[in-house]
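Taking the working numbering, the leading residue of the sequence shown gets 4, the next gets one more, and so forth. Virtual Cβ for every residue (Gly too), placed ideally from N, Cα, C. All figures in this text were calculated on a predicted structure; none of them were measured in a lab. Structure, as structure tokens:
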Amino acid sequence: MPIRTPLRTPIRTRFTIWRTCAAAAVTALTAAFLTPVAAQAAPPRESRPVYSYAHAVRESVWVGTGLDENGDGHEDRVAADIVRPSEPARQGRRVPVIMDASPYYSCCGRGNESQVKTYDTHGHVVGMPLFYDNFFVPRGYAFVGVDLAGTARSDGCVDVGGRSDVRSAKAVVDWLNGRARAYTTRTGTRTVKATWTNGRTGMIGKSWDGTIANGVAATGVRGLRTVVPISAISSWYDYYFAQGAALYDGGPDELAGYVESDAARAHCAAVQKRLADGSPRSGDWTPLWTGRNYVKDAAKVRASVFLVHGTQDLNVRTKHFGQWWDALARHGVKRKIWLSQTGHVDPFDYRRGAWVDTLHRWFDHELLGYDNGIDREPMADVERHPGQWVTTRVWPPLGTRATTLRPAPGTTAGVGTLGLGRATGTETLTDDPGLSETDWAARLTTPTPEKAGFVTAPLTRALRLSGSSRVTLTVTPTTSSAHLSAVLVDVGPDTIRDYADGGEGITTLTDRTCWGRSTAGDSACYKETRAKTVHVDYTVFSRGWADLGHHASLRRGVPLTPGRAYTMTLDLAATDHVVPEGHRLALIVAGTDKGLIDPPATRPTLTLDLSRTTASLPLVGGAPAFRSALPRGSSAAPAPQRLHGIRPAPPARRLPTS
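Here it is, written out as structure tokens:
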């Protein structure tokens, strides 16, 4: 990991470096005021830590949202805690804002160490989670931490990605730009204006926080210049369902109950009932989900988007970033992306030095307008092996083409081939809710009743898949309900991040490094991590699930007629994966993926019509690349053997938390 090595300095050394940098920057600024105008032509390229964090202004305001979700007859107000440098305001200069709006500031905490906000006896914020304020406030930014409506010190009710959630944060952006009213207390009448900011705002956050950043961006609010959604949701339906198949045994009403404050719990029963009534466990798409689908409003986005996601995130699955990225691309939104091999993990905890540097440069460019070249650098950073990263000028790479592959029968039932040619025949499988994708892949080359597998010959050249895949299946069920799964597998030895472990690809250490200035109540020092790896014989790198009863429409599922053939296209999660030379590419079709989707009401046997089954894969180089990667002659399936992979994924999480 060449990037991190020089940055992992001891705490004492890092403070010494930053004191030196700060002194040098102050000297440079002083010299600038004393130098003739002609010598000041070079514009700044990097913000420096020249302002005092210890003497920063710490204040709280309550911003009116224009809503009365809890029905008390008063406008809901959301709490916004602010940390900003004191010097610019005294000098008559205004600063930009970095903002993280979250439901977790009091109930659950943020980051790898589950930090919560802390306050002094007067209610002034003392400790702000994460490093954003410690690092950026000395560099001339304000940091604003917003409690979503119905959480912590805010009024209103939690509505899980809906109007109240999004308005919580949008109202603060409006206030920062002079378009909304804020108060010095939760119930008082004294107003306060944000005279210290130029209104330029960047939103950042992981999981639910990043989801709100997506939602606010989709309103097109003026003043929001950039968003950095990390492992974020783009459509709440797709958090709870996969094309009609339930991913969790709970709904948004339970999630609201988990994060809401005591005050909200006492007054928001009607909102929770609307959440429950509007999200039936049938998997039907209802108006509630339409109101929580940010993808449909991508055309409204004015902000640039720096998107970050783990390709093995089984909490907020990668379909979220794939469909959001594609929609933003269609509307010409300025974009940048990082894709790691981790699960639901913040880049601060798997690529810390490079992340802080890149985020710093991104905000300097987007919020301060510095020409530091980040907009001319490669669009994508992709983790190819644990700690080893590659860049791509645009993403997906130029020359990526949707390429149709077709499964064909092999010499053994249930173990077929995968190629470009059309095929005939059928395969039969019986849903076994007790087995998962790891069980299927481990027995890929062995006939088993619960799945059908299709593999290529060993590749003579590497194949890269970048983007989202689609698998169209024609199946005949024996019962009135059926769930389908399709997964893509890289068959061959590798060392990968252990995304099924509790750390989802990282191990947290005890030593700390510091990323900004500290005070007695707010440390900038965080525990270091290292990659948690595992040796495997195969890697499942993309997945898709569906309820066959929703084959005609997501709006309403219907009972199946046993013996009748149905065709349905499964949307597989976006990825960027290279199947190396010597490995095989495989497609597995099965029923319930244990731990990742709920089983159907029945246990069907499914007959798969291979003549009407296809996989459309985003191959770099398209069909010619696939042809050139296959050996001439026989494409016989490998000999039966037990393959060793990652442990089964833990049961699906119900909370998009830290």
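Would the beta-carbon of R113 fall within 8 Å of that of Y373?
By 1-based counting over the sequence shown, the position of residue 113 is 110. By 1-based counting over the sequence shown, the position of residue 373 is 370. Cβ distance not < 8 Å, so R113 and Y373 don't count as in contact.
Under three-state DSSP, which class holds E90?
On the sequence shown, position 87 is the one that residue 90 refers to. Residue state, collapsed to three classes: helix.
Here's the rule I'm using: 16 or more other beta-carbon atoms within 10 Å means buried, otherwise exposed. How should D550 be labelled?
Locating residue 550 in the sequence shown gives position 547, counting from the first residue. The residue in question, D550, is buried, as its Cβ has 16 or more Cβ neighbours within 10 Å.
State the start and end residues of the unbroken alpha helix (DSSP H) segment that holds Y569.
Taking the sequence shown and counting its residues from 1, the one referred to as residue 569 is at position 566. Taken as a continuous stretch (DSSP letters only), Y569 belongs to no alpha helix (DSSP H), being part of the beta strand (DSSP E) at 569-574.
Relative to the alpha-carbon of R533, which residue among F351, F629, P400, P496 has its alpha-carbon at the smallest distance?
Within the sequence shown, the letter at position 530 stands for residue 533. R533 has its Cα closest to that of F351, out of F351, F629, P400, P496.
Which residue's Cα is closest to the Cα of R379: L613, W365, V319?
Position 376 of the sequence shown holds residue 379. Considering only alpha carbons, the answer is W365.
Note down, in chain order, each residue of its chain lying with its Cβ closer than 7 Å to the Cβ of A197, except the 5 sequence neighbours on either side.
Stepping through the sequence shown from its first residue, residue 197 is reached at position 194. Here the set comprises W178, L179.
Taking C-beta to C-beta, are A306 and T229 nearer than 8 Å?
Here residue 306 corresponds to residue number 303 of the sequence shown, with the count starting at 1. Here residue 229 corresponds to residue number 226 of the sequence shown, with the count starting at 1. Yes, the pair counts as a contact, with Cβ atoms nearer than the cut-off.
8 Å Cβ shell around L588 - same chain, five flanking residues per side excluded
As a position in the sequence shown, residue 588 is number 585, starting the count at 1. Result list for L588: L421, V458, T459, L462, L466, L491, V492, D493, V494, V582, in chain order.
Taking the alpha helix (DSSP H) that I215 falls in, what are its first and last residues?
In the sequence shown, the residue the question calls residue 215 occupies position 212. Unbroken alpha helix (DSSP H) run through I215: 211-220.
Would you mind stating whether G218 and D168 have Cβ atoms separated by less than 8 Å?
The residue given as residue 218 occupies position 215 in the sequence shown. The residue given as residue 168 occupies position 165 in the sequence shown. Contact flag set, yes.
According to DSSP, is K454 helix, strand or coil?
Counting from 1 along the sequence shown, the entry for residue 454 is found at position 451. Three-state DSSP puts K454 in a strand.
Who are the near neighbours of P399 in its chain, counting only those whose CB is closer than 7 Å to its CB and skipping five residues on each side?
In the sequence shown, residue 399 corresponds to position 396, counting from 1. Result list for P399: S469, G470, P621, in chain order.
Identify the continuous alpha helix (DSSP H) that holds D435 and give its terminal residues.
As a first step, residue 435 is located in the sequence shown; it is residue number 432 there, counting from the start. Element bounds for D435: n/a, residue is neither H nor E.
Among D123, M102, R96, D136, which residue has its Cα nearest to the Cα of P52?
For the purposes of this step, residue 52 is taken as residue 49 along the sequence shown, with counting starting at 1. That would be D136, whose Cα lies nearest to the Cα of P52.
State the Cα-Cα distance for the pair G547 and V478, rounded to the nearest angstrom.
Position 544 of the sequence shown, counted from the start, is the residue given in the question as residue 547. Position 475 of the sequence shown, counted from the start, is the residue given in the question as residue 478. Between G547 and V478, the C-alpha separation is close to 16 Å.
Is the separation between the beta-carbon of V86 and that of V66 shorter than 8 Å?
Residue mapping note: residue 86 aligns to position 83 of the sequence shown, counting from 1. Residue mapping note: residue 66 aligns to position 63 of the sequence shown, counting from 1. No; because the gap between Cβ atoms is not below 8 Å, this pair is not in contact.
Closest residue to R96 among N201, Q275, V311 (Cα-Cα distance):
The count along the sequence shown starts at 1 and reaches residue 96 at position 93. Ranking the options by Cα distance to R96, first place goes to N201.
Residue closest to L523, alpha-carbon to alpha-carbon, out of G585, A57, I101
Within the sequence shown, numbered from 1, the residue matching residue 523 stands at position 520. For the record, residue 523 in the displayed sequence is Ala; it is not Leu. The option with the nearest alpha carbon to A523 is A57.
Does the Cβ of V275 have 16 or more other Cβ atoms within 10 Å, making it buried, or fewer, making it exposed?
Start at 1 with the first residue of the sequence shown, and residue 275 comes out as number 272. Position check: residue 275 holds Gln in this sequence, whereas Val was assumed. Buried, by the Cβ-count rule.
For R446 and A527, what's the separation of their Cα atoms in angstroms?
As a first step, residue 446 is located in the sequence shown; it is residue number 443 there, counting from the start. As a first step, residue 527 is located in the sequence shown; it is residue number 524 there, counting from the start. Whole-angstrom Cα-Cα distance: 48 Å.
Residue environment, P603, which counts as buried when at least 16 other CB atoms sit within 10 Å
In the sequence shown, the residue the question calls residue 603 occupies position 600. That one is buried.
Simplified DSSP state of F324, which is helix, strand or coil:
Along the sequence shown, one-based indexing puts residue 324 at 321. Helix.
Kindly indicate which three-state DSSP category F351 falls into: helix, strand or coil?
As a working note, residue 351 is residue 348 in the sequence shown. Residue state, collapsed to three classes: helix.
DSSP three-state assignment for A266, whether helix, strand or coil
For this step, residue 266 is matched to residue 263 along the sequence shown. A266: helix per DSSP, three-state reduction.
Under the DSSP definition of a beta bridge, which residues are partnered with T248?
The count along the sequence shown starts at 1 and reaches residue 248 at position 245. For the record, residue 248 in the displayed sequence is Ala; it is not Thr. A245.
Using C-beta distances below 7 Å, list every residue in its chain close to T394, excluding the 5 sequence neighbours before and after it, in chain order.
In the sequence shown, counting from the first residue as 1, residue 394 sits at position 391. Counting only Cβ-Cβ distances below 7 Å, and skipping sequence neighbours, we find P381, A383, D384.
When DSSP labels each residue in this structure, what does P410 get in the three-state scheme?
Residue numbering aside, residue 410 sits at position 407 when the sequence shown is read from its first letter. Three-state result, P410: strand.
Near A235, what residues of its chain come up, given a Cβ to Cβ distance below 6 Å and the 5 sequence neighbours on each side ignored?
In the sequence shown, counting from the first residue as 1, residue 235 sits at position 232. Excluding residues within five positions, the ones whose Cβ falls inside 6 Å are G213, T214, N217.
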